[in-house]
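Mapping the sequence shown onto my numbering, position 29 (from 1) lands on 551, and the numbers just tick up by one.
See structure below.
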Amino acid sequence: MESKRQQKFSRLIQKELAEVFQREVPHLFGGAYISVSVVRVSPDLGLARVYLSVMNAKDGNEMLLQELRVNTKTIRHLLAQRIKSQVRVVPELVFFLDDTAEYSAKIDKLFANLDIPPAPEEDEEDDTYTR
């Protein structure tokens, strides 16, 4: 369970990284739309695991993730410029693809394909539980 401090720090990183991706480095990723889904911060605030949702990636999500990892130093520097007055140490960033939307769609598709027979109708006259 995350402490209040970790949660607050996570929200700050999430907000500022979203701004960085939308305003400062969209040219690095070929026009792909990147949103920051979740940020998980270690207890010492030295490591931030950033989960990203990606849309309109031309080369595919895995190639974009590789490009993100190559540009991590630049992204961290831009983040540092934005939060340097609020934190002592800018955390190391580790990027992951957030696949919850795809997973949810897969589960919905599985449920849609289920063939569930209707429940048997019970006699209305058999009312044993009423008083």
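For glycine and all other residues, C-beta sits at the position ideal for the given N, C-alpha and C.
Computed from a prediction, not measured in an experiment: that's the story for all the values here.
The DSSP-derived three-state label of residue 615 is strand. Taking every protein chain shown into account, the CB of residue 642 has fewer than 16 other CB atoms within 10 angstroms, so this residue is exposed. Within the region 550–610, the alpha helix (DSSP H) runs of at least 4 residues that lie entirely inside it are, in chain order, 583–592, 594–605.
Inter-segment contact for the region 571–582 and the region 627–638 is absent: fewer than three beta-carbon pairs are separated by less than 8 Å. The continuous alpha helix (DSSP H) containing residue 528 extends over residues 526–541.
In this structure, residue 594 keeps its C-beta atom at 8 Å or more from the C-beta atom of residue 619. Burial is judged here by how many other beta carbons sit within 10 angstroms of a residue's own beta carbon; residue 613 has at least 16 and is buried.
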